[in-house]
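Residue numbers (full-length UniProt numbering): 1 to 363.
Read through the structure below, which is laid out as structure tokens, and then see the notes.
Right, here's the structure in full:
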């Protein structure tokens, strides 16, 4: 099991950056969390500012690393460590492992550090164990909260909840019995709805930033007129190409619509007002969240039964990214079971004794 785990974690290192995280659930309910990263020489020497992990590494974390081969080293930090010149191009793999007595302890103590873009997202792991004589059943879930971003226009105004959930998370599955051609058409329709929603929100945020700063545009047509014209302006540019769903050259658009030069300050992309309008705080916050994602793996005890991730042998994996938390909490779930060998033996003995007693009575 331990050798297989190291193979899984080593393979994880070469999946998409920036993070790889594995949770191992043991039959007694205890668990481990393992993070994998690429490190610099400075981190191996103990420089905390070079920490490659999204958590703070303290005495509760065990750090192991690989360099120039498959051997794992547990000595860390090594303040006098020097990389051999012939190995200057080789990467250092580091593994940070923390053991928890229970999922509830992990829920209380696992936090992303302040350097992580997810520092205000707190996962909620839950583990349950149920005894059923021949089998013990295990269930694990880990919920990630909905992103704390309030959009002006709710997504439900543009698409049904099940459509939004499927587009963002892949569930609920509604493609059973649908041909590939029909599914393509359905997904294309959902994609159009999602992009319409995203673009409309970007416009609302951009326009709100302009209205907040009207005093910086001398000769502007006035807030009342601008509010009246907002939807008409957007309709006129809604089919134009956009950058990250945002209207490009909004200064030119407003100047043209209102036949003015009042919005010339927006033509300078490097000006403070241009950055505020073209990069609304909510959009920037969303970009921060989506810049971080994890290849998340879960190892359960016994035989896997169900999971809402991709199953390969005894491991489930998810591409854990912030878009899945855009419209609601996102929960990873898995169930497994393990045969109680002792229960089989006890049942066998009981059956044998019953047969012996029955035979004696008949004799």
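A virtual CB, placed ideally from N, CA and C, is assigned to each residue, including glycine.
Fair warning: this is a prediction, and the values are worked out from it, not measured in the lab.
Would you tell me roughly how many angstroms separate the C-alpha atoms of residue 266 and residue 221, rounded to the nearest one?
Here residue 266 refers to the residue found at position 266 of the chain shown. Here residue 221 refers to the residue found at position 221 of the chain shown. Their backbone Cα atoms lie some 16 Å apart in a straight line.
Which first and last residues belong to the alpha helix (DSSP H) in which residue 168 is found?
Here residue 168 refers to the residue found at position 168 when the chain shown is read from its first residue. Where residue 168 is concerned, the enclosing alpha helix (DSSP H) stretches over 161-169.
For residue 193 versus residue 234, is the C-beta distance shorter than 7 Å?
Here residue 193 is taken as the residue at index 193 of the chain shown, counted from 1. Here residue 234 is taken as the residue at index 234 of the chain shown, counted from 1. Cβ distance not < 7 Å, so residue 193 and residue 234 don't count as in contact.
Whole angstroms are fine: how far does the CA of residue 214 sit from the CA of residue 232?
The sequence position of residue 232 within the chain shown is 232, counting from 1. The sequence position of residue 214 within the chain shown is 214, counting from 1. Near 19 Å, if we compare the C-alpha coordinates of residue 214 and residue 232.
Report the three-state DSSP secondary structure of residue 173 (helix, strand or coil).
Sequence index remark: in the chain shown, residue 173 carries index 173 (1-based). Coil.
Are there three or more Cβ pairs, one per stretch, closer than 8 Å when the segment 242-252 is compared with the segment 183-202?
Contact between the segment 242-252 and the segment 183-202 is established, with three or more Cβ pairs separated by less than 8 Å.
Could you check the C-alpha separation between residue 29 and residue 362 for me, to the nearest Å?
Position 29 of the chain shown, counted from the first residue, corresponds to residue 29. Position 362 of the chain shown, counted from the first residue, corresponds to residue 362. In a straight line, the C-alpha of residue 29 is about 48 Å away from that of residue 362.
Using only CA atoms, which one of 326, 323, 303 lies nearest to residue 316?
For the purposes of this step, residue 316 is taken as residue 316 along the chain shown, with counting starting at 1. Per the Cα distances, 303.
Name the one or two DSSP bridge partners that residue 25 has.
For the purposes of this step, residue 25 is taken as residue 25 along the chain shown, with counting starting at 1. Partner(s): 31.
Residue 24 and residue 32 closer than 7 Å at C-beta
The residue given as residue 24 occupies position 24 in the chain shown. The residue given as residue 32 occupies position 32 in the chain shown. Contact: yes.
Length of the line joining the Cα atoms of residue 309 and residue 84
For this step, residue 309 is matched to residue 309 along the chain shown. For this step, residue 84 is matched to residue 84 along the chain shown. C-alpha of residue 309 to C-alpha of residue 84: approximately 42 Å in a straight line.
Three-state secondary structure (DSSP) at residue 273?
Position 273 of the chain shown, counted from the first residue, corresponds to residue 273. DSSP places residue 273 in helix when its eight states are reduced to three.
Pick from 319, 356, 345 that is closest to residue 170, judged by C-alpha positions:
Reading the chain shown from its first residue, position 170 is the one you call residue 170. Among 319, 356, 345, the Cα nearest to that of residue 170 belongs to 319.
Three-state secondary structure (DSSP) of residue 107
The sequence position of residue 107 within the chain shown is 107, counting from 1. In the three-state reduction of the DSSP assignment, residue 107 falls in the helix class, which pools H, G and I.
Counting beta carbon pairs with one atom in the segment 153-168 and one in the segment 326-334, are three or more of them shorter than 8 Å?
yes
First and last residue of the alpha helix (DSSP H) that includes residue 235?
For the purposes of this step, residue 235 is identified with residue 235 of the chain shown, where counting begins at 1. 223-237 is the span of the alpha helix (DSSP H), which, as asked, contains residue 235.
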